[in-house]
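In mature numbering (1 follows the signal peptide of the UniProt record, and there is no 0), the protein residues as written are -21 to -1, 1 to 209. First up is the structure itself, then whatever we jot down about it.
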Amino acid sequence: MKKIAIVLAIAASMGTSSVYAGFGSLSSIASSLSESVTGVSSSNMDINGFFTQAKATNAMFTQSRTALASLLASKQDSDELKAKQKSLKTTSDPKEQEAIQKQIVVLSNTVLEASKKDEAGTVAKLSALNVEQKQHLLDSATNFVIASLTARELAVGAKQVGMSLIANPRSLTNTGMSLVEAKGVVGDITGIAKNSTMALVEYPKLFKKAGIEFKMPTSSSDKPKVLNDI
């Protein structure tokens, strides 16, 4: 428990802006949390720990979705995503980071939704990926699944956490978040859990149709991959 507390405290001190500072660092943060908070669910985790893990989970989910979208997007959309990722890494302004992050999420969602509708086209794109791209795809998909599994576990107690915050807003003191921000994080985790079918069912099926072998993680405690730019 002491190790858990130390890791959570360190991650919490980094703040949201640091979590979004670079996609390469997100996997490291999430990896540390996954390794050190194994078996810690929202039901027995303190508020600070819950939000630290929730933010890391949301960050890894967003990062992995963006990586998948970059591989499945048209050249124009892929270049735009990469440009926005670069901008996200180079800016230090929290508001600008948030704005860029939202743009990345919107574009990634558009690409992935389109890929689901055009199954034949998506399978063809997957089949045409080179060795390096396929490895990046598998690493991204691994993190996508782990984030979804973690969100499902956190979502079990998310409602209780939300009610607790309304009853006692002061419990947020050590998180550095406002009540509105905290509600947003709870909403993000709940949303990821509700929409986890894409990561856990739909994309693994597409990989199989494209002849790509994907060993899907079965536990949120599985070690995430470090995603580098490609």
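The beta carbon of each residue, even a glycine, is placed where N, CA and C say it ideally should be.
DSSP three-state call for residue i: helix, strand or coil?
i: Phe186; result: helix
i: Asp208; result: coil
i: Met142; result: helix
i: Asp201; result: coil
i: Lys194; result: coil
i: residue 214; result: Look at the range of the chain in this structure, -21 to 209, and you will see that residue 214 is not part of it.
i: Ser57; result: helix
i: Val37; result: Here the sequence assigns Asn to residue 37, which means Val is not the residue at that position. Three-state result, Asn37: helix.
i: Ser13; result: Its pLDDT being 40, under 50, Ser13 is placed unreliably by the model, and nothing is read from it.
i: Ser4; result: With a pLDDT of only 37 at Ser4, under 50, the local geometry of the prediction cannot be trusted, and no value is derived from it.
i: Ser21; result: Bear in mind that the predicted position of Ser21 carries a pLDDT of just 43, short of 50, making it unreliable; the figure below should be weighed with that in mind. Coil.
i: Asn27; result: helix
i: residue 210; result: Residue 210 lies beyond the residue range present for the chain, which begins at -21 and ends at 209; the question has no answer from this structure.
i: Asn122; result: helix
i: Leu108; result: coil
i: residue 214; result: The structure shown does not extend to residue 214, since the chain spans only -21 to 209, so no value can be given for it.
i: Ala161; result: helix
i: Ala52; result: coil
i: Thr70; result: coil
i: Thr45; result: helix
Do residue j and residue i have their beta-carbon atoms positioned less than 7 Å apart in this structure?
i: Pro196; j: Val140; result: no
i: Gly137; j: Val165; result: Sequence check: residue 137 is Ala here, not Gly. Yes. Within cutoff.
i: Ala178; j: Ser143; result: no
i: Ser199; j: Thr129; result: yes
i: Lys204; j: Asn147; result: no
i: Ser71; j: Ile79; result: no
i: Leu51; j: Ser106; result: no
i: Leu91; j: Ala48; result: yes
i: Thr101; j: Leu185; result: yes
i: Asn37; j: Asp201; result: no
Counting only beta-carbon atoms, is residue i nearer than 7 Å to chain D?
i: Thr31; result: Absent from the structure is chain D; it holds one protein chain and no more.
State the start and end residues of the unbroken alpha helix (DSSP H) segment that holds residue i.
i: Met156; result: Premise fails: Met156 is in no alpha helix (DSSP H) and is neither H nor E.
i: Leu91; result: Pro73 to Lys96
Cβ pair count under 8 Å reaching 3, the segment 58 to 69 against the segment 190 to 202 | Too few Cβ pairs lie closer than 8 Å, so no.
Decide yes or no for the touch test of the segment 156 to 176 against the segment 83 to 96: beta carbon pairs closer than 8 Å, at least 3 of them.
-> Too few Cβ pairs lie closer than 8 Å, so no.
The segment 139 to 154 / the segment 25 to 35 touching (three or more Cβ pairs under 8 Å) = In this structure the segment 139 to 154 lies against the segment 25 to 35, because at least three pairs of beta carbons, one per stretch, are closer than 8 Å.
At least 3 beta-carbon pairs within less than 8 Å: the segment 36 to 54 vs the segment 116 to 123 = Contact check between the segment 36 to 54 and the segment 116 to 123: three or more CB pairs, one atom from each, fall below 8 Å, which counts as touching.
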